[in-house]
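In order, the protein sequences belong to chains A and B.
Okay, so the first sequence: first residue is 1 according to our numbering, each after it adds one.
Okay, so the second sequence: first residue is 163 according to our numbering, each after it adds one.
Contents: one structure, followed by commentary.
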Amino acid sequence: MSSERPSLSGFMKLLRCYISQRLLVSNSEICTIDFELQECNWRRMDKEHFDTESFYAALDSVRIAKKLTWKEVATESEVSASTLTRMAQGKRPDVDGLAALLSWSGLKAEDFLKGRAPQKTKQETLAIISRLLRADRELGKENAAALDQIIRVAYKRLSGRD
Amino acid sequence: MNLRRGFKSEANRIAREVRRELRLGLAAPLDPWKLAEHLGIPIETLTSMRCDAPQAVEQLAKNDHEAFSAVAVFSGYRRLIVVNDAHSRGRQASSLAP
Numbered sequence: 001m002s003s004e005r006p007s008l009s010g011f012m013k014l015l016r017c018y019i020s021q022r023l024l025v026s027n028s029e030i031c032t033i034d035f036e037l038q039e040c041n042w043r044r045m046d047k048e049h050f051d052t053e054s055f056y057a058a059l060d061s062v063r064i065a066k067k068l069t070w071k072e073v074a075t076e077s078e079v080s081a082s083t084l085t086r087m088a089q090g091k092r093p094d095v096d097g098l099a100a101l102l103s104w105s106g107l108k109a110e111d112f113l114k115g116r117a118p119q120k121t122k123q124e125t126l127a128i129i130s131r132l133l134r135a136d137r138e139l140g141k142e143n144a145a146a147l148d149q150i151i152r153v154a155y156k157r158l159s160g161r162d
Numbered sequence: 163m164n165l166r167r168g169f170k171s172e173a174n175r176i177a178r179e180v181r182r183e184l185r186l187g188l189a190a191p192l193d194p195w196k197l198a199e200h201l202g203i204p205i206e207t208l209t210s211m212r213c214d215a216p217q218a219v220e221q222l223a224k225n226d227h228e229a230f231s232a233v234a235v236f237s238g239y240r241r242l243i244v245v246n247d248a249h250s251r252g253r254q255a256s257s258l259a260p
């Protein structure tokens, strides 16, 4: 018997369809919305995705409200600390991990079925780093300028990663 | 330096858990590149940035290669590490370890 689990994107498609079906039976106004969604066709569904970063941010809020460390979150939810760290990097948890975290947090998966907000690097942060580097007399002018450039490139690459 | 109460045992638990996930014994060498890959944290080399910042790479990899070891940048919850690959592999491992 195959032990392969359904992929998260597959699971989300099913969930999306389930929500769509529920909309259809709600009322005519919502049916219209659903019709419009169907007009967008299945190709658009491929672009829909689970917004891991928003979900992680919401989990963080729950964690802070409960005054827990991430390690305690891992213990309580029975999800490994490594999985939580990977999620912080934008990696998606497997379906079991997601289910455990939803159950632990009381959050709803459908709230995170949307386009991800672009991760913007705060210009103020870079400006502060630049100022601190240039203020460090031991570093030297050339090294400060070089480090400033490297950090800017690093931020750019980090923001460009999916 | 004073560590908060419970830090050492918590750190040990996490270390044991991660080693188990990486299928490493408690005393086996830990490869920081493999650990970063396991945690989904990308590591980029300084020289890989030559096309975007040629003068900066020249300065930090050649002119004054002792000035920079590694840096971790954060964007939201995400991280990326840049390591100076002008250094030996052992030195890079030491730079990545913290």
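No residue lacks a Cβ here, since even glycine has one placed at the ideal position from N, Cα and C.
Please classify residue i: is it buried, with 16 or more other beta-carbons within 10 angstroms of its beta-carbon, or exposed?
i: ILE205/B; result: buried
i: THR69/A; result: exposed
i: ASP148/A; result: buried
i: GLN221/B; result: buried
i: ASN143/A; result: buried
i: GLN89/A; result: buried
i: ARG251/B; result: exposed
i: ARG182/B; result: exposed
i: SER237/B; result: buried
i: SER77/A; result: buried
i: GLY97/A; result: buried
i: ALA146/A; result: buried
Is DSSP giving residue i helix, strand or coil here?
i: VAL62/A; result: helix
i: SER77/A; result: helix
i: LEU242/B; result: strand
i: LEU258/B; result: helix
i: SER250/B; result: coil
i: LEU132/A; result: helix
i: LEU165/B; result: coil
i: LEU113/A; result: strand
i: ARG157/A; result: helix
To the nearest angstrom, report how far apart residue i and residue j are at their CA atoms.
i: ALA74/A; j: ARG86/A; result: 13 angstroms
i: ASN246/B; j: GLY202/B; result: 20 angstroms
i: ALA109/A; j: ASP60/A; result: 15 angstroms
i: VAL62/A; j: PRO93/A; result: 18 angstroms
i: HIS200/B; j: ALA223/B; result: 28 angstroms
i: LYS170/B; j: ALA177/B; result: 10 angstroms
i: HIS249/B; j: VAL233/B; result: 14 angstroms
i: LEU186/B; j: ARG131/A; result: 43 angstroms
i: ARG44/A; j: SER105/A; result: Residue placement at ARG44/A is flagged as unreliable, the pLDDT there being 43, under the threshold of 50; the coordinate-derived value follows with that caveat. Going by the C-alpha atoms only, they are around 29 angstroms apart.
i: ALA215/B; j: LYS71/A; result: 38 angstroms
i: ALA100/A; j: PHE50/A; result: 16 angstroms
i: LEU158/A; j: LEU165/B; result: 31 angstroms
i: LEU133/A; j: GLU53/A; result: 30 angstroms
i: GLU124/A; j: LYS156/A; result: 14 angstroms
i: ARG175/B; j: LYS67/A; result: 20 angstroms
i: ALA57/A; j: ALA198/B; result: 21 angstroms
i: ASP136/A; j: ILE129/A; result: 11 angstroms
i: PHE230/B; j: ILE64/A; result: 35 angstroms
i: PRO260/B; j: GLY168/B; result: 19 angstroms
i: PRO194/B; j: GLN254/B; result: 9 angstroms
Give the C-beta separation of residue i and residue j to the nearest angstrom, bearing in mind that I take them to be a contact with Cβ-Cβ under 8 angstroms.
i: ALA81/A; j: GLU172/B; result: Going by Cβ atoms, the distance from ALA81/A to GLU172/B rounds to 10 angstroms, so no, they are not a contact pair.
i: LEU208/B; j: VAL244/B; result: 6 angstroms
i: ALA154/A; j: LEU258/B; result: About 14 angstroms; that fails the 8 angstroms criterion.
i: ILE150/A; j: ALA189/B; result: So it is not a contact: roughly 36 angstroms between Cβ atoms.
Exercise for review: Pick out the complete alpha helix (DSSP H) segments inside the segment 168–234 of chain B, 4 residues or longer, and give them in chain order.
Suggested key: 169–183, 194–201, 216–220
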